[in-house]
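So the sequence lines, in the order shown, correspond to chains A and B. Be aware that the first sequence starts at 0, since it is given in numbering that gives the first Met the number 0, and climbs by one per residue. Be aware that the second sequence starts at 0, since it is given in numbering that gives the first Met the number 0, and climbs by one per residue. Heads up, the beta-carbon is just placed ideally off N, CA and C, and yes, glycines get one too. Owing to the predicted nature of the structure, the values given are computational and were not obtained by experimental measurement. Input: a single structure, listed below in structure tokens.
Protein chains: 2
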Amino acid sequence: MVKPLFKVSTPNEVITTLKDHLRLKEIIRNNIEEVNIKIALHRFLAEEIVASANLPGFNRSAMDGYAIRAEDSFGATDSLPSYLKIVGEIKMGVTPELKINPGEAVKISTGGMLPEGANAVVMLEYTEQIDDSTIEIRKSISPWENVVREDEDLKTGEIILRKGHRLRSQDIGVLAGIGKINVKIYRKPKIATISTGNEIIPAEGEPRTGQVRDINSYTLGACIEEAGGVPVYRGIIKDEVIRLKQEIKKTIKEDKVEVVIISGGSSVGVRDVTLEVLNRLGKPGVLIHGVSVKPGKPTILAIADNRPIFGLPGHPVSAMIIFDLFVRPLIRWLQGGEYNYNSAQEIEAELTCNMVSDSGREDYIRVFVYKEGEKIYAEPILGKSGLISTMVRASGLIKIGLNVEGLEKGSKVIVRLF
Amino acid sequence: MVKPLFKVSTPNEVITTLKDHLRLKEIIRNNIEEVNIKIALHRFLAEEIVASANLPGFNRSAMDGYAIRAEDSFGATDSLPSYLKIVGEIKMGVTPELKINPGEAVKISTGGMLPEGANAVVMLEYTEQIDDSTIEIRKSISPWENVVREDEDLKTGEIILRKGHRLRSQDIGVLAGIGKINVKIYRKPKIATISTGNEIIPAEGEPRTGQVRDINSYTLGACIEEAGGVPVYRGIIKDEVIRLKQEIKKTIKEDKVEVVIISGGSSVGVRDVTLEVLNRLGKPGVLIHGVSVKPGKPTILAIADNRPIFGLPGHPVSAMIIFDLFVRPLIRWLQGGEYNYNSAQEIEAELTCNMVSDSGREDYIRVFVYKEGEKIYAEPILGKSGLISTMVRASGLIKIGLNVEGLEKGSKVIVRLF
Chain A
0 MVKPLFKVST PNEVITTLKD HLRLKEIIRN NIEEVNIKIA LHRFLAEEIV ASANLPGFNR
60 SAMDGYAIRA EDSFGATDSL PSYLKIVGEI KMGVTPELKI NPGEAVKIST GGMLPEGANA
120 VVMLEYTEQI DDSTIEIRKS ISPWENVVRE DEDLKTGEII LRKGHRLRSQ DIGVLAGIGK
180 INVKIYRKPK IATISTGNEI IPAEGEPRTG QVRDINSYTL GACIEEAGGV PVYRGIIKDE
240 VIRLKQEIKK TIKEDKVEVV IISGGSSVGV RDVTLEVLNR LGKPGVLIHG VSVKPGKPTI
300 LAIADNRPIF GLPGHPVSAM IIFDLFVRPL IRWLQGGEYN YNSAQEIEAE LTCNMVSDSG
360 REDYIRVFVY KEGEKIYAEP ILGKSGLIST MVRASGLIKI GLNVEGLEKG SKVIVRLF
Chain B
0 MVKPLFKVST PNEVITTLKD HLRLKEIIRN NIEEVNIKIA LHRFLAEEIV ASANLPGFNR
60 SAMDGYAIRA EDSFGATDSL PSYLKIVGEI KMGVTPELKI NPGEAVKIST GGMLPEGANA
120 VVMLEYTEQI DDSTIEIRKS ISPWENVVRE DEDLKTGEII LRKGHRLRSQ DIGVLAGIGK
180 INVKIYRKPK IATISTGNEI IPAEGEPRTG QVRDINSYTL GACIEEAGGV PVYRGIIKDE
240 VIRLKQEIKK TIKEDKVEVV IISGGSSVGV RDVTLEVLNR LGKPGVLIHG VSVKPGKPTI
300 LAIADNRPIF GLPGHPVSAM IIFDLFVRPL IRWLQGGEYN YNSAQEIEAE LTCNMVSDSG
360 REDYIRVFVY KEGEKIYAEP ILGKSGLIST MVRASGLIKI GLNVEGLEKG SKVIVRLF
């Protein structure tokens, strides 16, 4: 007969317990800083970002070619071209002074502003210059073809990014695009690591027989950094109630940490020390004692004065796995982010429509990923490649290979998430 | 008829061109620094790491219980227990002075050193203390059961990590475990970004009609940082051959950058400026002019004085996609890492053997992932959870859910890569 040592909780119960007992809003409300967007990558927004103006703010050519009235190209073909009069050339970065009338064209480069009267751009490839002032057009162009409309990237008043969003490269770009150089974000949570165990010595020391070097301070410190927190290394504390309690109080007061991780104490005696300390630090005290995870069962979670304190197993593997399950998402949570365990970079999804692609090139399609029932869908986000907002809206990219002609609706695709 | 503007290269051709023309060894040889392992996360090793001693270095208990001679437990059951004499208790972190003889047992905690004569640990749960000096054992224990052997985590002389390996949390832990506090790594490559385009103004400015803010400096700067490089922001340069050339020479000399990224110049005129500059900077000059990727076709790659210089398209989306395809892996390469495009966090693989799991707990199994033909396999790495080396050898983790009894050989599993 095996005696159960303690009653274990499921991972979901641990998360529910954290949610129920932590007054999160209180923590993050006082944790806002403003930084330059050049150092805001992977940080969590503490403000909502709204477009204060249209982007690009004027009708812009998406191609090299001629700005025309689309109507003047209607019906044009290789065998029956249209002829237009060249009345000038658009200079980049200035408002064009000229305007075009029926039958006229203006030379324009990618990014140039359309002159008054023009409503389309015909690509250079579909034109031929006949003489100094005449071009031949061999293709019918629709109104606004090859043009980025003035509000096509962003519309004034549109919500671009929400509070709690984790800033990716493209998000930094959109902030630059609207002139938002400084941005309010949540501070990185400071997390102390304390190793316990009388057999543990500092990593720089030379262990005598029976001693081992402190591994957990280093793995957990790196895990904290990787997860977006700031590690505070408090070293090794002997397995004594008074010293451990003092050390925790000290790091909370001196380092102003928001979370404390104690590792070690997998043996019953040491676990009892940790347990006693965690119950003496404040209300509500120890909430979880043992989890149904292997490896990682002897995990303790306490909350004292609205601060989570974890007692992780001493085994490095168990400590890392438990960190991953509970501390990693908590670090996002403490920055106003979503509490999701999964941070996968690639997922399989079902394409929501046919996608055409030319053979002989790799196509990268921006997609928005969403779930309906148990199925994950990837919905292509269409839009010109000059539109940063399409990248902001997208969850990731799918690739259509060099020799693939296209993908059918319902195909399984691999989405490379941002 | 559409006139081809230039001959395009496939993504593979771009990578081959980089490999063939860049004298990589020359660059990385002079790019080594030594840092404390606390700041070495995600950096690339510039030295091979070899175990200088066994880890843990002594036979260690993996459980709380009694150190015994396994032979003394042979045949013990609930109905026919063995009786052993308690001759003392092991103190943590010191070499035990006592030794045990046949019929004797010593109390021991997880992590404690086995005394001379003992070759197994019987778990507390399978024993009962009869009086002050006698325990009853109700289970037969094999030799070395519940013991971490002295060289089970690492063997003296074993290669732990190879040059060019990217350090993960568990790798930092193993370095601590062997007392390797300072480690040689490759410097992060410095990469300059220059935006071109006469319509582009600094992000902090107020655009007049016809002007747009500089987005690419910011997205690419963030991409560089995310990929492990150090961005050097050189701002916006007008589309003139002399100024652009001066700026590139300046950033190479002043900032000592290893790569230059020019973005913008999607229009023919500006592209011609970039092209002329890149051909004037040194040998071999422009190697790629156009790639078969959509979006991103008008990409230029030059090498001058053993330094890659990219001309990325001006469209932010295209610039990011091309960055991802060619610059991101190059940043790994410049640090001695592998040149792989894919940095997925989750992959599907086929399990190589049956895995048993108890219902009512989540199991996390360390696996080594490898490819054979077109198939990807996940091979479980067995070993106690105290062994940091198992995490070092593992590629990732698979999870066996709370209510799953186990997985059969050949099952499809999702591997969460480190």
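So, helix, strand or coil for residue i, using DSSP?
i	result
B/S8	strand
B/M122	strand
B/T76	coil
A/R68	coil
A/R331	helix
A/N181	strand
B/N215	helix
A/E41	The question names Glu, but residue 41 of chain A in the sequence shown is His. The answer is coil: DSSP assigns A/H41 none of H, G, I, E or B.
A/N426	Residue coverage of chain A in this structure runs from 0 to 417, which leaves residue 426 of chain A outside it and unanswerable.
B/E373	coil
A/F57	coil
B/D130	strand
B/S342	Residue confidence is low: B/S342 scores 46 on pLDDT, short of 50, so the model does not pin down where it sits. No coordinate-derived value is stated.
A/K18	helix
B/E378	strand
A/I99	coil
A/E225	helix
A/V13	helix
A/V326	helix
Counting only the same chain and skipping the five closest in sequence on each side, list residues whose C-beta sits under 7 Å from that of residue i.
i	result
B/I184	E32, V34, A39, R42, F43, L44, A45
B/G336	F43, G163, R165
B/K237	N197
B/G400	E361
B/E149	N53, P55, G56, F57, N58
B/E103	L83, K84, V86
B/V316	P294
Looking at the C-beta of residue i, does it have a partner C-beta in chain D at a distance below 7 Å?
i	result
B/M354	In summary, chain D is missing from the structure at hand, where the protein chains are A and B.
Please list the terminal residues of the continuous alpha helix (DSSP H) segment that includes residue i.
i	result
B/I321	315-321
A/L243	240-253
A/G336	Premise fails: A/G336 is in no alpha helix (DSSP H) and is neither H nor E.
A/E88	Careful: A/E88 lies outside any alpha helix (DSSP H), inside the beta strand (DSSP E) at 81-88.
B/E270	Reading off the sequence shown, one finds Arg at residue 270 of chain B, where the question assumed Glu. Residues 267-279.
B/R28	23-28
Could you give the residue range of the beta strand (DSSP E) that holds residue i?
i	result
A/R415	411-416
A/E103	103-107
B/L350	345-350
A/G284	283-288
A/P230	229-236
B/L300	299-303
A/V259	258-262
B/L311	306-311
So, is residue i buried or exposed, given that buried needs 16 or more other C-beta atoms within 10 angstroms?
i	result
B/E70	exposed
A/A202	buried
B/L160	buried
A/P294	buried
B/Q334	buried
B/R137	buried
A/L386	buried
A/L324	buried
A/F73	exposed
A/R233	buried
Residues in its own chain within less than 8 Å of residue i by CB, not counting five upstream and five downstream?
i	result
B/V414	E345, I346, E347, A348, V366, V368, A377, S394, G395, L396, I397
B/D131	I85
A/I190	I223, G228, V229, P230, V231, V256, E257, V258, V259, I260, V326, I330
A/L274	V285, H288, I299, G310
A/I375	I346, E347, A348, E349, V368, Y369
Keeping to the same chain, check which residues put their C-beta closer than 6 Å to that of residue i; ignore five residues upstream and five downstream.
i	result
B/D77	R137
Q) What alpha helix (DSSP H) runs, 4 residues minimum, are completely inside the stretch 382-406 of chain A? A) 387-392
Q.
Going residue by residue through the stretch 132-204 of chain A, where are the continuous beta strand (DSSP E) segments of at least 3 residues, counting only ones entirely within it?
A. 133-136, 158-160, 181-185, 189-195
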